[in-house]
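What follows is one structure encoded as structure tokens, with my remarks underneath.
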Amino acid sequence: MTVWVLGDQLDPEATPLQHDDHVLMIEAHAFGERMAYHPQKLALVFAAMRHFRDELRDRGYDVTYLTAETFGEGLDQFYEAAPGTDLVAMDPPSHGAGERLRELVESRGGSLTLVENDLFLTTPAEFDAWAGDSDTYRQEHWYRHVRRKTGILMDGDEPVGGEWNYDDQNRETPPDDWIPPEAPRFTPDETTKEAIGFVRERYPNAWGSVDDFVWPVTRDDARQALDHFVETRLTEFGPYQDAMVDGEWALSRSLLSAAINLGLLTPHDVVEAVEAAYWDGDAPLNSVEGFVRQVVGWREFVRHVYRRSMPALADANQLDQTESLPTAYWTGETDMRCLSEAVGHVYDHGYAHHIERLMVLSNFALVYGVDPQELNRWFHLGFVDAFHWVTTPNVVGMGSFATDVLSSKPYASSGNYVNKMSDYCSSCSYAVSKTTGENACPFNALYWDFLKDNEELLRGTGRMGLMYSHIDRKDDDEWDAIRSRADELRRMGREGTL
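Each residue of the sequence shown is one higher than the last, beginning at 0 in numbering that gives the first Met the number 0.
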């Protein structure tokens with residue numbers, strides 16, 4: 000039997016690789032033209048696959064590495080040389096992918112056995128037993144279940160420190176003289192340079208810059224990135240995890256999500272290292288717990304919610320949002336400092352941290368009225384760590400509130416949130432204190448207009464009562480001004496003059 004290693008399963012300790020030493024890898028290229036994928040995303044996948052091929056060969060594996068336009072064409076090449084071969088692969092997390100691969104193999108006279116995916120801490124069977132017949136899910140309950148099951152940050156039956164989460168300690172903004180630690184950089188070697196060169200030539204319409212490629216592309220590099228995070232960034236990760244600072248794209252973030260989602264690191268690797276830092280007295284509990292929750296809680300949670308909620312999740316649009324993305328999401332050209340910064344980070348690095356994703360990029364699209372599927376495509380193509388199983392629950396479910404499957408309320412806010420958690424507003428052309436008028440912060444009028452438009456659905460939704468009490472106090476003249484400003488902003492968004 001031959002192990003088919005997919006491009007997001009680059010773990011040499013994966014279970015199938017412990018039983019067979021014949022490996023198939025197919026580097027398929029046509030998918031990169033379905034959307035204007037970020038060139039760093041494409042270069043990262045191809046470079047990581049090529050390095051993994053070389054690592055497996057160094058370990059003694061017999062690796063058949065094929066380049067083709069599609070998986071189908073690659074399988075044609077493979078089965079012409081090795082007819083009737085039986086394949087085994089870890090079940091990919093994206094909806095329907097495993098069955099599509101099986102059909103491709105069987106139509107060429109082979110067989111494909113799909114086994115449990117090792118690159119998660121929890122299994123589908125475990126989540127299904129926990130969730131039962133429910134079709135709505137809440138992350139906090141699942142997070143506590145996994146902590147109890149695994150013993151991570153537990154003291155017997157109780158959470159270490161007596162609390163399950165320390166969000167209230169993790170909402171600080173850094174002082175003006177704070178200098179964030181340098182982000183780790185991995186200079187491209189010849190293999191990576193070849194991948195970058197191929198991407199430049201093959202995908203001229205890719206959106207984004209590949210000039211500053213610094214991502215780890217091997218397990219050794221990824222392990223160095225993990226060590227760098229634990230040693231230099233973890234302590235401040237917690238307090239500043241929701242902060243945004245003008246001119247800074249990395250702050251104290253781990254920058255490990257792409258490596259984890261490709262299999263260069265496993266969730267167990269990163270949680271073990273971060274938890275050890277706490278037990279060794281090298282990192283505070285609020286930072287360690289905040290990171291653990293993102294991996295043990297949220298990443299595992301969205302994988303299972305996606306699995307159980309597809310395909311309806313991908314098409315969800317309970318708010319009936321239909322606007323196209325403002326052109327600023329493609330150009331970065333806008334007088335909104337927060338949006339310009341966030342889009343610029345994505346364009347330059349294929350990355351923006353989770354508060355920029357949720358409270359700037361998704362929040363603005365939500366109150367502007369963007370179609371959730373269009374926003375999901377933008378996230379999918381623009382981020383180096385993005386896969387359909389990742390972006391769909393995060394963008395469609397949480398960011399766009401297109402369904403209540405994993406969130407009880409929309410993550411919508413006025414400019415006040417950005418002002419509280421960043422220094423953007425002080426250098427912005429728009430006035431965060433104003434709702435209407437030519438230089439009023441666009442978030443403000445759009446926010447109130449969004450709440451008014453969706454009042455029937457949202458008024459009774461969790462924790463929205465206070466906002467609707469403010470709405471009830473606005474008179475007709477104020478609403479006319481808000482609606483006029485919101486309409487003007489959508490026009491500006493379409494025209495590229497925002």
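Think of the CB as a built atom: it goes at the ideal place given N, C-alpha and C, for glycine as much as any other residue. Since the structure is predicted, the reported quantities are computational estimates derived from the model, not experimental observations.
In the assembly as shown, I178 is an exposed residue. Its beta-carbon has fewer than 16 other beta-carbons within 10 Å. Contact between the segment 320 to 337 and the segment 182 to 201 is absent, with fewer than three C-beta pairs closer than 8 Å. Per DSSP, the unbroken alpha helix (DSSP H) holding V269 starts and ends at 266 to 278. The continuous stretches of beta strand (DSSP E) do not include Y305, which lies in the alpha helix (DSSP H) extending over residues 299 to 308.
Partner residues in the beta bridge of V114, as assigned by DSSP, are M89.
Exposed is the label assigned to L465, since fewer than 16 other Cβ atoms lie within 10 Å of its Cβ. With contacts defined by Cβ atoms closer than 8 Å, V269 and L233 do not form a contacting pair. Using a Cβ distance threshold of 8 Å, D422 and V294 do not count as a contacting pair. The beta carbons of A47 and L9 sit closer together than 8 Å.
Straight-line measurement puts the Cα of P158 at about 47 Å from the Cα of E32.
Contact between the segment 55 to 64 and the segment 15 to 32 is established, with three or more Cβ pairs separated by less than 8 Å. Each residue's CA atom was taken as its position, placing D241 and N443 some 20 Å apart. Residue range 21 to 27 is occupied by the beta strand (DSSP E) that includes L23. For Y142, the uninterrupted alpha helix (DSSP H) run begins and ends at 138 to 149, by DSSP. Inter-residue distance for T231 and N393 is about 28 Å (C-alpha atoms, whole angstroms). For S421, the pairing in a beta bridge is given by DSSP as M243. Excluding sequence positions up to five before and after K40, its CB lies within less than 6 Å of the CB of G349, V383, all in the same chain and listed in chain order. Taking L255 as reference, the option from F290, S133, Y239, A282 with the minimal CA-CA separation is F290.
Secondary structure at L65: strand, using DSSP grouped into helix, strand and coil.
Measuring C-alpha to C-alpha distances from P91 to each of L318, K473, R302 identifies R302 as the nearest. Counting only residues of its own chain and dropping the five nearest sequence neighbours on each side, W278 has no CB closer than 6 Å to any other CB.
About 18 Å separates the beta carbons of P215 and F236, which is beyond the 8 Å limit, so they are not a contact pair. Under the three-state reduction of DSSP, E189 is assigned to helix. The shortest CA-to-CA distance from T434 to any of S483, D403, E193, H387 is the one to S483. Under DSSP, D154 shares a beta bridge with E157. Annotated as distal: A430 and A315, with beta-carbon spacing of 8 Å or more. The DSSP-derived three-state label of T390 is helix. In the DSSP assignment, V2 falls within the beta strand (DSSP E) that extends over 1 to 3.
Scanning L263, G331, V395 for the CA closest to the CA of E12 turns up L263.
With contacts defined as CB atoms closer than 8 Å, V87 and M0 qualify as a contacting pair. Sixteen is the threshold: since fewer than 16 other Cβ atoms of the shown chains lie within 10 Å of the Cβ of T321, the residue is exposed. Collapsing the DSSP output to three states places V431 in coil. Nearest Cα to F300 within the set F228, V389, H344: V389. Restricting attention to G150, S399, L380, the CA atom closest to the CA of A35 is found in L380.
Contact between the segment 119 to 129 and the segment 98 to 110 is absent: fewer than 3 CB-CB pairs across the two stretches fall below 8 Å.
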